[in-house]
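Numbering (the numbering used here), first residue to last: 27 to 391.
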């Protein structure tokens, strides 16, 4: 086995964070090839009590290992040590960077600068997460930094119907925030033509030690007074209060307390979106793990897929509860077709820049 196959890069940096020293180590190894024969790499970032793996296939998070209240380490995202699991789409978009446009574009069509653009209709007549071959299915280039990995992709003019040559970078950084492990994801993009962009990460979180454990008993809080109502999974253009609805997470309560039959797949209009204040928190009372989300984006897609009940008169065992939730920081769905929503237009000479940070803490009581 060659040196590159084993370890491509090892960087050790002693950082002073919160008055304490800790080591950040970045290692890289070959991880196979995608469907087109492109080489895929896997990067591992570690410090004293956290380990994060990311891959160049889809600029995606593969695992985030953090301790529970008994200091047992396990991953809090659904993933696999096998690249083939991702190539076959075992869990759609798992851990990936989605784009060019995360979430939905109604009818696979939008208008920009007097032109109409058509994008693939890969979700009930709409475009979802950038189309049939979005950023989640691309192999990105990567280079290690002192505390993480930067991945870069050039999306050519016309890619999935979107205009402009778009250059995107995603900077994964493992650090500490107030003594707790924190994974920051910073997105940067430039274009040579007017285009639309909405980037996010699609990790499926499960804070238990057993990734098949349902998340209904997890306690969630979302700092949002309003949401964007849907009609056939597309925003109506209205912004309405969460008060009196199943979407009211202003006070923390179990995810399953009033979950709709279809689960949650809703965009919340964040009350404030500053990287200094958490916009959402979810905790597992059993493991003691808690995730806090910080972002500068105006929206948060709370996705809790719920399996449908078995058909009537079918001799089928009852299905277990949902075993994952997603916290996708974003601009609002279908923004290119909703002039009242915050704009997702990116112009030449401007730079799209956004940061989302996941902080992992422990409740020991």
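Heads up, the beta-carbon is just placed ideally off N, CA and C, and yes, glycines get one too.
First through last residue of the beta strand (DSSP E) which encompasses residue i
{"i": "residue 110", "result": "Note, residue 110: premise wrong, no beta strand (DSSP E); alpha helix (DSSP H) at 109-113."}
{"i": "residue 86", "result": "86-93"}
{"i": "residue 210", "result": "206-217"}
{"i": "residue 150", "result": "Run containing residue 150: none; DSSP gives neither H nor E here."}
{"i": "residue 120", "result": "Here residue 120 belongs to no beta strand (DSSP E), and DSSP marks it neither H nor E."}
{"i": "residue 387", "result": "378-388"}
{"i": "residue 253", "result": "250-253"}
{"i": "residue 199", "result": "192-203"}
{"i": "residue 135", "result": "135-138"}
{"i": "residue 103", "result": "Careful: residue 103 lies outside any beta strand (DSSP E) and carries neither H nor E."}
{"i": "residue 142", "result": "141-144"}
{"i": "residue 165", "result": "Note, residue 165: premise wrong, no beta strand (DSSP E); not H, not E."}
{"i": "residue 81", "result": "76-81"}
Cβ neighbour criterion (16 or more within 10 Å) applied to residue i
{"i": "residue 159", "result": "exposed"}
{"i": "residue 125", "result": "buried"}
{"i": "residue 210", "result": "buried"}
{"i": "residue 181", "result": "buried"}
{"i": "residue 99", "result": "exposed"}
{"i": "residue 141", "result": "exposed"}
{"i": "residue 269", "result": "exposed"}
{"i": "residue 356", "result": "buried"}
{"i": "residue 218", "result": "exposed"}
{"i": "residue 27", "result": "Reliability of the predicted coordinates at residue 27 is poor, the pLDDT of 43 falling under 50, and the value obtained from them is presented with this limitation in mind. Residue 27 is exposed by the Cβ-count criterion."}
{"i": "residue 313", "result": "buried"}
{"i": "residue 224", "result": "buried"}
{"i": "residue 228", "result": "buried"}
{"i": "residue 185", "result": "buried"}
{"i": "residue 207", "result": "buried"}
{"i": "residue 137", "result": "exposed"}
{"i": "residue 144", "result": "exposed"}
{"i": "residue 155", "result": "buried"}
{"i": "residue 63", "result": "exposed"}
{"i": "residue 163", "result": "buried"}
{"i": "residue 67", "result": "buried"}
{"i": "residue 115", "result": "exposed"}
{"i": "residue 325", "result": "buried"}
{"i": "residue 169", "result": "exposed"}
{"i": "residue 130", "result": "buried"}
{"i": "residue 362", "result": "buried"}
{"i": "residue 215", "result": "buried"}
{"i": "residue 118", "result": "exposed"}
Reference residue i; option with closest CA among the options
{"i": "residue 309", "options": "350, 272, 225", "result": "350"}
{"i": "residue 370", "options": "63, 87, 221, 210", "result": "221"}
{"i": "residue 353", "options": "377, 385, 366, 373", "result": "385"}
{"i": "residue 375", "options": "191, 169, 270", "result": "191"}
{"i": "residue 61", "options": "104, 187, 113, 102", "result": "113"}
{"i": "residue 203", "options": "73, 232, 224, 64", "result": "73"}
{"i": "residue 65", "options": "109, 97, 71, 76", "result": "109"}
{"i": "residue 235", "options": "97, 63, 288, 362", "result": "97"}
{"i": "residue 315", "options": "92, 70, 75, 50", "result": "92"}
{"i": "residue 240", "options": "287, 135, 178, 282", "result": "282"}
{"i": "residue 297", "options": "290, 305, 104", "result": "305"}
{"i": "residue 105", "options": "179, 237, 293", "result": "237"}
{"i": "residue 272", "options": "232, 147, 252", "result": "252"}
{"i": "residue 387", "options": "94, 118, 119", "result": "94"}
{"i": "residue 128", "options": "307, 389, 293", "result": "293"}
{"i": "residue 331", "options": "295, 287, 363, 367", "result": "287"}
{"i": "residue 329", "options": "107, 157, 120, 51", "result": "120"}
{"i": "residue 102", "options": "230, 383, 139", "result": "230"}
{"i": "residue 377", "options": "212, 263, 311", "result": "212"}
Residue(s) in a DSSP beta bridge with residue i
{"i": "residue 289", "result": "331"}
{"i": "residue 351", "result": "231"}
{"i": "residue 26", "result": "A query on residue 26 cannot be resolved here, the shown segment of the chain reaching from 27 to 391 and no further."}
{"i": "residue 65", "result": "59"}
{"i": "residue 173", "result": "In DSSP, residue 173 forms no bridge with anything."}
{"i": "residue 325", "result": "295, 356"}
{"i": "residue 224", "result": "127"}
{"i": "residue 272", "result": "Residue 272 is not bridged to any residue."}
{"i": "residue 267", "result": "252"}
{"i": "residue 54", "result": "69"}
{"i": "residue 178", "result": "167, 195"}
{"i": "residue 371", "result": "222"}
{"i": "residue 318", "result": "307, 385"}
{"i": "residue 261", "result": "256"}
Minimum Cβ-Cβ distance from residue i to chain B less than 8 Å
{"i": "residue 130", "result": "Checking the listed chains, one finds no chain B in this structure; it contains a single protein chain."}
Quick one: any contact between the stretch 321-333 and the stretch 296-308, if contact means 3 or more CB pairs under 8 Å?
-> yes
Does the stretch 186-199 come close enough to the stretch 163-174 to have 3 or more Cβ pairs within less than 8 Å?
-> yes
With contact counted as at least three CB pairs below 8 Å, one residue from each stretch, are the stretch 69-85 and the stretch 53-60 in contact?
-> yes
Tell me, please, whether the stretch 145-154 touches the stretch 252-270 by the rule of three or more beta-carbon pairs shorter than 8 Å.
-> yes
Assess, as a yes-or-no matter, whether the stretch 243-250 is touched by the stretch 267-282 under the definition of 3 or more beta carbon pairs within less than 8 Å.
-> yes
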